[in-house]
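Novice: Once you've had a glance at the structure underneath, I'll fire off some questions.
Protein chains: 2
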Amino acid sequence: MKSDAVFKRAFNDALDLIGNLPVEAPFPSENQLSVQLMVSRTTVRKILSAIRAQSLPAAGDSRPLIGAIPRFAEAETIPISEQVEKHFMEWMLRDNTRPGTSINELQLARRFGLATTGIREFLNRFQRFGLIERRPNAGWVFKGFTASFALELFEIREIFELRSALAFAMLPATSALWQKLEALRDQHTQLLEEIDTRYHDFSDLDSRFHRLINSAAPNRFIEDFFDIITLIFHYHYQWNKRDERQRNEVAIKEHLTYIEALLSRNPSIVELACRAHLASAKETLMRSSSRKTSEFARADDAKDPVTPSAAMPSASS
Amino acid sequence: MKSDAVFKRAFNDALDLIGNLPVEAPFPSENQLSVQLMVSRTTVRKILSAIRAQSLPAAGDSRPLIGAIPRFAEAETIPISEQVEKHFMEWMLRDNTRPGTSINELQLARRFGLATTGIREFLNRFQRFGLIERRPNAGWVFKGFTASFALELFEIREIFELRSALAFAMLPATSALWQKLEALRDQHTQLLEEIDTRYHDFSDLDSRFHRLINSAAPNRFIEDFFDIITLIFHYHYQWNKRDERQRNEVAIKEHLTYIEALLSRNPSIVELACRAHLASAKETLMRSSSRKTSEFARADDAKDPVTPSAAMPSASS
DNA sequence: GGATTGTTTTTTATTGATAAAAACTTTGTT
DNA sequence: AACAAAGTTTTTATCAATAAAAAACAATCC
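What follows is the structure, given as structure tokens:
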């Protein structure tokens, strides 16, 4: 049976939406709601009737009184397939899963409280991140977030980013991307000013920035690769909060230099700034994860656990 | 219920194995068979008892008479999950599926004669090849093997191959890879001599060659990317047999030049040979597929179907 | 006549059940 | 003891069933 997370999420959103409606605005039509809530009209109707059932009855069939209708808990609004990701990560983090550990579908299913099919689906999608490997008829093996994983990741990242940055610098002055770049620069300076309170917002800005650069010469394989980076960083830093503010502040400044370099359109300057930023990002990742290294044992083929238990999943995108 | 393709494949293999046993050799133990047939001992026992049941009864409990025990049909020995790949490809080829077509799990399941779960699993794995896209709660879309797909693919391929070829050229003279390279060169010359009869053998040689080069500086992301190339070429050329012999002959000669360049260890010569080979491979692919282009309509975002119906799946590795 | 609401059909997400295959444990044999 | 065979338990692959969500169709309404 399908979970009704879609309904619950949209229900909560609908309450917000209706609550914030200007007093004079007409009540939105089902179609409009369907667009705004990003669900089918079928679901909109379900929401509407749920709302009507809970608001004061027979209030003249006009706009229902939303008042104090309770929302669904956050957790209930996340579809199972996405929860698996989180669970899986926790399994690795908390249980300190080591490279070489074999993954048991049934066990995970029981632990996560869902059917094996869900696990299977997740693992199949997650496979592409290069952290697990399939053994037909014999489950999966966790390969681990080892130092070599990180090194290999960064090697490719550097190749791709350099290629895209240079392509960006060559963009004609008329390209719309220049404006977007300037907008992003402004967001960076702004974030820098409020860094003390908003430093968490960096990770989103970071991935938007790198995606913008990639869009100068779009290539689906590069974009796919960036999903891996995004995932790794997301979970890695979620696990390791040390020096977050400081770390992000440095990165923002590097981005600003990098952006200026792009705006200068001078290839060698761009290359310099880009290389500098990536080197620093790599250093940060390797350093922050290797501190814990000594605690962990090593698996056969993994001679270099870096963030042994660390980092992981997400195959949702 | 699991299919028993593993058993059937191993059963057939076992008959061959036992049939070819030297007369004096002792009958292999269950454990030995398990290793040789690459299945668990559980399956070996099942095979053994199946064989005993069919061979002349009570022949003194020693070596059973294999004689004329019938084998299982080839088709039965392929696990369902692998069949899906083939089916899916045929669906695209035969039905001339166009970019933008939406993929319906239920429909495919019915057509392929299996449960939707199998389709789902396949699609999830196949996703990474960049030819389909998921729409949560609303199925999948076939993005098509368009010209831009091919161009993007080759852009990355060139970047990766160049990087690996240069790394290879820098390998110390003591590296074992030089010998392997020489061995591969010999296989190339040999194949060239027998090209008229053995030209199909090229595709295997090709992928072994490129994998060898990559192994100079191993990187899992590059290896993963090569799976995509292998897949595309496999199916693309399986579908398009035009000029196969001629095409392969040219490629072999290019490989030989490329190999000599590597052996020379001169980076600029390597780069030249590598670029030349890739350019020619790209040209071949684009040319052979674009011939049919005119037949096909174009989908929204795909302004350039190349081998519209062509090319595809395989998420088995 | 184009948007709105009401109704029916199709498709996706998720579960639980089960045979095949693998992994583990015990027993037997030299 | 050391390996082979027999027996048991666990795990994977696969199916069929079903509620939720989407899509398609039909009836209304300014």
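So the protein sequences, as listed, match chains Y and V. For the first sequence, our numbering assigns the number 1 to the initial residue and increments by one for each residue that follows. For the second sequence, our numbering assigns the number 1 to the initial residue and increments by one for each residue that follows. Each residue gets a CB set at the ideal place from its N, CA and C atoms; glycine is no exception.
Between the C-alpha atoms of Asp196 (chain V) and Leu256 (chain V), what's the straight-line distance to the nearest angstrom?
Specialist: 18 Å
Novice: Please list the terminal residues of the continuous alpha helix (DSSP H) segment that includes Phe154 (chain Y).
Specialist: Ala147 to Ala169
Novice: Report the start-end ranges of each alpha helix (DSSP H) in the segment 78-160 of chain V that is 4 residues or longer and not cut off at the edges.
Specialist: 80-94, 105-112 and 116-126
Novice: Could you name the residues of the same chain whose beta carbon sits closer than 8 Å to that of Ile119 (chain Y), not counting the 5 residues immediately before and after it, in chain order?
Specialist: Val84, Glu105, Leu108, Ala109 and Phe112
Novice: What is the residue span of the alpha helix (DSSP H) that Thr174 (chain V) lies within?
Specialist: Counting along the chain, Thr174 (chain V) falls outside any alpha helix (DSSP H), and DSSP gives it neither H nor E.
Novice: For the segment 94-120 of chain V, which residues have a beta carbon sitting closer than 8 Å to at least one beta carbon of chain Y?
Specialist: Thr117 and Arg120
Novice: Name, please, each residue of chain V whose Cβ falls closer than 9 Å to the Cβ of Ile159 (chain Y).
Specialist: Those within 9 Å of Ile159 (chain Y) in chain V are Ile159, Phe160 and Arg163.
Novice: Cβ of Arg41 (chain Y) less than 7 Å from any chain V Cβ?
Specialist: no
Novice: Is there a Cβ of chain V sitting closer than 7 Å to that of Arg275 (chain Y), yes or no?
Specialist: Chain V, which has no Cβ nearer than 7 Å to the Cβ of Arg275 (chain Y), makes this no.
Novice: What does a CB cutoff of less than 7 Å around Ile269 (chain Y) pick up in its chain, not counting 5 residues either side in sequence?
Specialist: Ala261
Novice: By alpha-carbon positions, which one of Y:Ile228, Y:Asp206 and Y:Leu171 ends up nearest to Glu152 (chain Y)?
Specialist: Y:Ile228
Novice: Counting along the chain, where does the alpha helix (DSSP H) carrying Gly19 (chain V) start and finish?
Specialist: Ala5 to Gly19
Novice: Could you tell me which chain V residues have their CB closer than 9 Å to the CB of Phe221 (chain Y), listed as they occur along the chain?
Specialist: By Cβ distance, chain V contributes Gly130, Glu152, Leu153, Glu155, Ile156, Phe225 and Ile228.
Novice: Suppose you measure from the CA of Gln54 (chain V) to the CA of Met89 (chain V); what does that come to, to the nearest Å?
Specialist: 38 Å
Novice: In chain order, what residues of the segment 130-147 of chain Y put their CB closer than 7 Å to some CB of chain V?
Specialist: Gly130 and Asn137
Novice: Alpha carbons only, please: which of V:Pro22, V:Met38, V:Gln32 and V:Leu17 is nearest the one belonging to Phe7 (chain V)?
Specialist: V:Met38
Novice: Could you compute how far the alpha carbon of Glu76 (chain V) sits from the alpha carbon of Gln238 (chain Y)?
Specialist: 48 Å
Novice: Return the chain-ordered list of same chain residues with a C-beta closer than 7 Å to the C-beta of Arg291 (chain V), the five sequence neighbours on each side being excluded.
Specialist: Annotation note: pLDDT 49 at Arg291 (chain V) (below 50); position unreliable, coordinate value reported separately. Closer than 7 Å at the Cβ level, and outside the excluded window around Arg291 (chain V), lies no residue.
Novice: Please report how far the alpha carbon of Ala138 (chain V) lies from the alpha carbon of Ser40 (chain Y), in whole angstroms.
Specialist: 10 Å
Novice: Under 7 Å between beta-carbons, which chain Y residues line up against Val6 (chain V)? List them in chain order, please.
Specialist: Asn137
Novice: What three-state label does DSSP hand Met1 (chain V) in the structure shown?
Specialist: Of the three classes helix, strand and coil, the one that applies to Met1 (chain V) here is coil, per DSSP.
Novice: Within its chain, find whatever has a CB closer than 8 Å to the CB of His230 (chain V); leave out the 5 residues flanking it on each side and keep chain order.
Specialist: Note on residue identity: the sequence assigns Thr, not His, to residue 230 (chain V). If we look at Thr230 (chain V) and ignore the five residues flanking it on each side, its Cβ neighbours are Ser207.
Novice: Under a CB-based cut-off of 7 Å, is Leu125 (chain Y) close to chain V?
Specialist: The sequence as given places Arg at residue 125 (chain Y); Leu does not occur at that position. Yes, its Cβ sits closer than 7 Å to a Cβ of chain V.
Novice: State the DSSP-derived secondary structure class of Lys241 (chain V), mapped to helix, strand or coil.
Specialist: DSSP, read as helix, strand or coil, puts Lys241 (chain V) in coil.
Novice: Using the three-state DSSP reduction, which class does Ser40 (chain V) fall into: helix, strand or coil?
Specialist: coil
Novice: Which of the three DSSP states, helix, strand or coil, is assigned to Glu194 (chain Y)?
Specialist: coil
Novice: Out of V:Ala73, V:Ala150 and V:Ile69, which has the shortest C-alpha to C-alpha gap to Phe233 (chain V)?
Specialist: Just measuring C-alpha positions, the residue of V:Ala73, V:Ala150 and V:Ile69 sitting nearest Phe233 (chain V) is V:Ala150.
Novice: Measure the C-alpha to C-alpha separation of Phe296 (chain V) and Arg98 (chain V) and round it to an integer number of angstroms.
Specialist: Legend: pLDDT at Phe296 (chain V) = 33, less than 50; position of this residue unreliable, no value from coordinates given.
Novice: On the three-state DSSP scale, how would you describe Ser29 (chain V)?
Specialist: coil
Novice: Classify Ala75 (chain Y) as helix, strand or coil using the three-state DSSP reduction.
Specialist: helix
Novice: Please work out which residues of its chain come closer than 7 Å, Cβ to Cβ, to Ala319 (chain Y), disregarding the five sequence neighbours upstream and downstream, and give them in chain order.
Specialist: Because chain Y spans 1 through 317 in this model, residue 319 (chain Y) falls outside it and cannot be assessed.
Novice: At a threshold of 6 Å, does Leu93 (chain V) count as lining the ligand NAP (C-beta to nearest heavy atom)?
Specialist: Among the components of this structure there are no ligands whatsoever, and the ligand NAP is therefore not found.
Novice: Can you check which of these residues, Y:Gln246, Y:Glu133, Y:Ile18 and Y:Arg94, is closest to Thr284 (chain Y) by C-alpha distance?
Specialist: Y:Gln246
Novice: So is Gln127 (chain V) buried or exposed if we call it buried at 16+ other beta carbons inside 10 Å?
Specialist: Sixteen is the threshold: when 16 or more other Cβ atoms of the shown chains lie within 10 Å of the Cβ of Gln127 (chain V), as they do, the residue is buried.
Novice: So Arg213 (chain V) is in the alpha helix (DSSP H); what residue range does that whole segment cover?
Specialist: Note that residue 213 (chain V) is Ile in the sequence shown here, rather than Arg. DSSP places Ile213 (chain V) inside the alpha helix (DSSP H), whose first and last residues are Phe202 to Asn214.
Novice: Spatial neighbours of Phe209 (chain V) within its chain, please: CB distance less than 7 Å, with the 5 preceding and 5 following residues excluded, ordered by chain position.
Specialist: Leu184 and His255
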